[in-house]
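Participant:
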Amino acid sequence: MELLRIIQNDARLTPDNIAIMLDCDVAEVEAELSALSNEKIILGYSAQIDWEKMDKDNVVAMIEVRITPMRNKGFDHIADILCKNDKVTACYLMSGGFDLMLIYEDKNLRDVASFVSDKIAPLDGVLSTTTHFILKKYKSNGIIFEKGDTDDRQAVIL
24 MELLRIIQND ARLTPDNIAI MLDCDVAEVE AELSALSNEK IILGYSAQID WEKMDKDNVV
84 AMIEVRITPM RNKGFDHIAD ILCKNDKVTA CYLMSGGFDL MLIYEDKNLR DVASFVSDKI
144 APLDGVLSTT THFILKKYKS NGIIFEKGDT DDRQAVIL
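Whatever position you read off the sequence shown (first residue = 1), add 23 for our numbering.
(1) If you follow the beta strand (DSSP E) that I126 is part of, which residue opens it and which one closes it?
(2) Name the residue from R89, N131, G148, D109 whose alpha carbon lies nearest to the alpha carbon of S118.
(3) Does DSSP classify L146 as helix, strand or coil?
(4) Less than 7 angstroms between C-beta atoms, sequence neighbours within five positions excluded: which residues of the same chain meet that for L146?
(5) Entirely within the region 34-87 and at least 4 residues each: give me those alpha helix (DSSP H) ranges in chain order.
(6) Have a look at D48, A58, F168, L125 and flag the residue whose alpha-carbon is nearest the alpha-carbon of K159.
(7) Is the separation between the beta-carbon of Y127 and that of V149 shorter than 7 angstroms?
In structure tokens:
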């Protein structure tokens with residue numbers, strides 16, 4: 024468990040660094056990392072990127088989907104179909120007023136609207152959708168985004 028927490032916080036650490044942190048042999052760390060990858064416990068490694076600093080125009084939408092579960096397939100069938108789209112970056116089965124939550128990224132609002140109307144709405148079993156747009160990221164995957172230049176002075180009314 025400790026090894027997993029270490030690489031979750033910083034996947035750039037080498038087995039040498041991790042071995043020092045865990046006070047164990049490098050070969051032991053390498054073997055454990057290999058086993059965790061083979062068992063599909065470690066699914067991959069990624070970098071957290073602040074795309075706004077790159078002036079990359081894109082829209083991130085959170086799409087709530089209400090569906091009727093399919094016989095013998097439940098919610099999985101529709102989730103599997105939606106997850107095949109590369110622009111769906113996350114898909115969750117939820118409790119509450121809707122069933123699936125999709126995180127979807129595209130170039131503009133029109134493309135998000137097309138995805139909802141052309142790809143989600145026509146699917147058998149989809150009852151309704153509600154789309155929310157992310158206006159600003161403050162924290163994502165445990166990383167706080169820079170606030171930029173802020174004026175910490177208090178407003179004074181004279």
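Beta carbons are placed, not taken as given, at the ideal position from N, Cα and C, and that holds for glycine.
Facilitator: Judging by the given coordinates:
(1) Counting from 1 along the sequence shown, the entry for residue 126 is found at position 103. Per DSSP, I126 belongs to the beta strand (DSSP E) from 123-129.
(2) Taking the first residue of the sequence shown as position 1, residue 118 is located at position 95. Taking only the C-alpha atoms, the option nearest S118 is R89.
(3) Walking along the sequence shown from the start, residue 146 turns up at place 123. In the structure shown, L146 falls within a coil segment according to DSSP collapsed to helix, strand and coil.
(4) One-based indexing of the sequence shown puts residue 146 at position 123. Counting only Cβ-Cβ distances below 7 angstroms, and skipping sequence neighbours, we find I101, I104.
(5) If we require 4 residues or more, the alpha helix (DSSP H) runs fully inside the region 34-87 come out as 38-45, 49-61.
(6) Numbered from 1 along the sequence shown, position 136 holds the residue referred to as residue 159. Distance check between K159 and each of D48, A58, F168, L125 places F168 closest, using alpha-carbon atoms only.
(7) Taking the first residue of the sequence shown as position 1, residue 127 is located at position 104. Taking the first residue of the sequence shown as position 1, residue 149 is located at position 126. Contact flag unset, no.
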